[in-house]
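There are 2 protein chains.
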Amino acid sequence: MFTMQVGKNIRIKDIAKLAGVSVGTVDRVLHNRGRVSDYALRKVTEVMNQIDYKPNLIARTLGSNKNYRIAAIIPDPTLDPYWAQTNLGIIQAQTEWAQYGVIVDQFPFDLYNKDSFQQIASKVVESQPDGIVLAPIFYHESVPAFELFQAHNIPYVLFNTNIREAKPLAFIGQDLSQSGKVGAQLIILGQHGPGTFAVLHIDEDVQDSVHLLEKERGFRSHLEENSKAQYEIVTFSISPNSPTFNQQMAKLMETESLKGIFVSTSKGTAVAASFLQQHGKSEIRLIGYDILTENLKYLRSGVIDFLINQNPKRQAHLGISHLVNHLMFKKNTPGTDLFPLEIITQQNVDSYLGSGIH
Amino acid sequence: MFTMQVGKNIRIKDIAKLAGVSVGTVDRVLHNRGRVSDYALRKVTEVMNQIDYKPNLIARTLGSNKNYRIAAIIPDPTLDPYWAQTNLGIIQAQTEWAQYGVIVDQFPFDLYNKDSFQQIASKVVESQPDGIVLAPIFYHESVPAFELFQAHNIPYVLFNTNIREAKPLAFIGQDLSQSGKVGAQLIILGQHGPGTFAVLHIDEDVQDSVHLLEKERGFRSHLEENSKAQYEIVTFSISPNSPTFNQQMAKLMETESLKGIFVSTSKGTAVAASFLQQHGKSEIRLIGYDILTENLKYLRSGVIDFLINQNPKRQAHLGISHLVNHLMFKKNTPGTDLFPLEIITQQNVDSYLGSGIH
DNA sequence: CTTTCAAATGTGCACGCACACAATTAATTT
DNA sequence: AAATTAATTGTGTGCGTGCACATTTGAAAG
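Residue numbers (the working numbering), protein chains in the order written: chain A, 1 to 358; chain F, 1001 to 1358.
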């Protein structure tokens, strides 16, 4: 029907010519800003249906010379090495987009204080950002926050923890139940029953931490389905601040039948490792989370056998990129971006440390 | 010294004003095209040293409306599922950059024919591309190819296999020796000696395949260093076309002491798996490479215990991106991009399949 | 002192899009 | 029929950079 130049891309100008209108009209149709007659609308949409128009995103960003402010709500990075990694990802995204008019403001809250989360959330809304990225680790406190964001029409992206009720622009993280299954698979590998496996939730308020319980659920379900031998699974939910903490851990270490430990938190992994080492029980299989400096030490010395990498840095980085793509490039982001459940060992850990952002 | 507007970025125009010259002169200095007086050159460089000018890449690509042709030299994707994955990565990059005037031409060569590689290489140079990405799987044939590229001043990016003599723009791939070590670590996990481990090189001409021997070297070195029990390691280098292939494999399967098999090629992994299954020896630990459809089947049914993911798709994709960044955005690429040695199991394989390009 | 010519410098347009504003047309009122 | 107003459509400018071309400068030659 129409002769098109090969190689060259279709521009708004071309559409205008084909539809017999001006670029302004096409522009109004594309962004449905109204102020267009039915006739012109029909003409343009007709052309649009026949050709495959892909707007030049490069030109678009240059043309609309907008500035965007993004708020990042994360736990205080100075209080926890895991969230320090997250912080790094945010900083990276920040510097990356800075020259294109994107400003990322961090709003840290206290990991151990639910109220602080709520306070920060309303503070963020007050600052009227164009978008929000957040790690909604507190279930109950998050739901009203989402409602607040929605009421103010601010798009938000979740990472780390998914919450069913939230209708975010995107979720970036892992399938936590599946993550538990990976842990289970690694803990029974080459083991011969019967024996005991321990699940440890160290350092967080488990009552409300959906993500930790999800991991445990996956862990248990895989063991029940797949282990031929008889294994006992025990769960400990303890805070290191508790007066009985040392005592409880010591008792666990001395359990004769103990064959493996699965720790659901990254920080807790190193804690469990130190106890195993102290009690000369390095042979007991230990599986935990994330490549933190502390964990690295124990992984290298063989106390920790496997780490499951949650990649907090990349999660945060990608969260912001998603938001920028949405705001600046008007790109449709995929609803969920599930990260691979990376298995880290003594032998492949360096290949992960060496590679940039993966 | 100079008052700068916060938030706003420095433009060429700003530099010109500060240096007391026109934008044209600044442009000439930036791209050192000459035709600039010593005085002006000094003035501009002075300003450049004081401020941190980051060119707006968005505007740059829009302004210089250039077209780039990239040639991709890879083994024929129709002959091997591994290289089919590579092909997918190239196609993805192709569609991604198409609208910005980047054209990627594929030049497939015959995986089993070294001469075809040489022929294709000179054919590529004839086509005068702006850049080349290639998988130099044949050592001896690659070196003269690199010299040819250099002589014609065409930048090239390597992936999959690194070659010391090549001075590429970038190398994208894995540390193969370390990859073998990961294989070894996974094969002894939970095993109790004594016993036999087999290293299988199936399907390629091992004489010249540096990459396979690298893996074996790593495998052996880790076992020698780390296993307390006595293990015997045997190596088989066989082609499935060989008349004695079935016989040799059958004999291996019946080896009583066999505790594990490490296969160095992705295609060979499925072959080994089928033999294990046929002989009812699924309990023998099997470790191989890559998430190919065939391998997936055996991984799911438990015949394959671990796969090490080389991520051919992403390697190819990133190779092209590196080249585009160099050509179009004039960005300095990092010399080497070592991919993590991803460990794939029954439980985490879906998390890898689900995620897009990571 | 004018002419010639090359080196140095400045100016203007294009890239494709967004957006503000100007111009046109049609409908309604006086 | 002229004037007012609203609805629609078209035009122009800017975003920051690259590049072609025009202009200026200064020195050498006539």
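Even glycine gets a Cβ: it sits at the ideal position worked out from N, Cα and C.
- Taking 8 Å as the upper bound for CB-CB distance, E1342 (chain F) and N1309 (chain F) are in contact here, some 4 Å apart.
- When DSSP reads this structure, S1237 (chain F) sits in a beta bridge with F:H1201.
- For chain F, the residues of the segment 56 to 80 of chain A that bring a beta carbon within less than 9 Å of one of its beta carbons are N56, L57, I58, A59, T61, L62, N67, in chain order.
- Of the candidates F:A1071, F:Y1231, F:L1213, the residue whose Cα lies closest to the Cα of A1316 (chain F) is F:A1071.
- For L1353 (chain F) and L252 (chain A), the gap between their C-alpha atoms comes out near 38 Å.
- Going by DSSP, I1320 (chain F) is part of no beta strand (DSSP E) but of the alpha helix (DSSP H) stretching over 1312 to 1327.
- In its chain, beyond the 5 residues on either side, H1317, I1320 have a beta carbon closer than 6 Å to the beta carbon of A1093 (chain F).
- A Cβ of chain F is located within less than 7 Å of the beta carbon of S351 (chain A).
- For D1105 (chain F), DSSP records a beta bridge to F:A1071.
- In the DSSP annotation of this structure, K1259 (chain F) is not part of any alpha helix (DSSP H); the continuous beta strand (DSSP E) holding it starts and ends at 1258 to 1263.
- Residues of chain F whose Cβ lies closer than 8 Å to the Cβ of Q128 (chain A) do not exist, since the nearest Cβ in that chain is about 17 Å away.
- Under the Cβ criterion (8 Å, minimum of three pairs), the segment 296 to 305 of chain A counts as touching the segment 264 to 275 of chain A.
- A buried status is given to K1259 (chain F), since no fewer than 16 other beta-carbon atoms sit within 10 Å of its beta-carbon.
- Nearest to G193 (chain A) by alpha-carbon distance, out of A:D52, A:K167, A:A229, A:H201, is A:A229.
- Contact note: D290 (chain A) does not reach chain F at a C-beta cutoff of 8 Å; the least C-beta distance is about 14 Å.
- L62 (chain A) and R285 (chain A) have their C-alpha atoms some 55 Å from each other.
- A contact is defined here as three or more CB-CB pairs under 8 Å, and the segment 1209 to 1219 of chain F meets this definition with respect to the segment 1172 to 1190 of chain F.
- Contact with chain A is absent for G1089 (chain F), since none of that chain's Cβ atoms lies less than 7 Å from the residue's Cβ.
- Using beta-carbon distances, N9 (chain A) counts as an interface residue toward chain F, with a partner under 7 Å.
- Look at the segment 155 to 224 of chain A and you find these whole runs of alpha helix (DSSP H), each 4 residues long or longer: 176 to 188.
- Of all residues in the segment 83 to 110 of chain A, those with a C-beta nearer than 9 Å to a C-beta of chain F are A98, Q99, Y100, G101, I103, reading in chain order.
- Close to chain A, meaning a Cβ-Cβ distance shorter than 8 Å, are the following residues of the segment 1160 to 1176 of chain F: Q1174, D1175.
- Nearest CB-CB separation between T1345 (chain F) and chain A: below the 7 Å threshold.
- DSSP, read as helix, strand or coil, puts E1046 (chain F) in helix.
- Spatial neighbours of T345 (chain A) in its own chain (CB-CB distance under 7 Å, excluding positions within 5 residues in sequence) are listed in chain order as F306.
- Contacts between N348 (chain A) and chain F, judged by CB atoms closer than 9 Å, involve Q1178, S1179, K1181, V1182, Q1185, I1308, P1340, L1341, E1342, I1343 in chain order.
- Under DSSP, T269 (chain A) shares a beta bridge with no residue.
- Rounded to whole angstroms, A98 (chain A) and Y68 (chain A) show a C-alpha spacing of 10 Å.
- Counted as a single uninterrupted DSSP element, the alpha helix (DSSP H) harbouring V1026 (chain F) occupies residues 1023 to 1030.
- Taken through DSSP and simplified to helix, strand or coil, T1336 (chain F) comes out as strand.
- In the three-state DSSP reduction, E232 (chain A) falls in the strand class (E or B).
- The three-state reading of DSSP puts G34 (chain A) in coil, since its state is none of H, G, I, E or B.
- When secondary structure is reduced to three states using DSSP, Y1298 (chain F) falls in the helix class.
- The beta carbons of Y82 (chain A) and L292 (chain A) sit about 7 Å from each other, so the pair counts as a contact at 8 Å.
- Rounded to the nearest angstrom, the Cβ distance from F1109 (chain F) to I1120 (chain F) is 4 Å, consistent with a contact under 8 Å.
- The segment 14 to 27 of chain A and the segment 1016 to 1023 of chain F do not touch, with fewer than three beta-carbon pairs separated by less than 8 Å.
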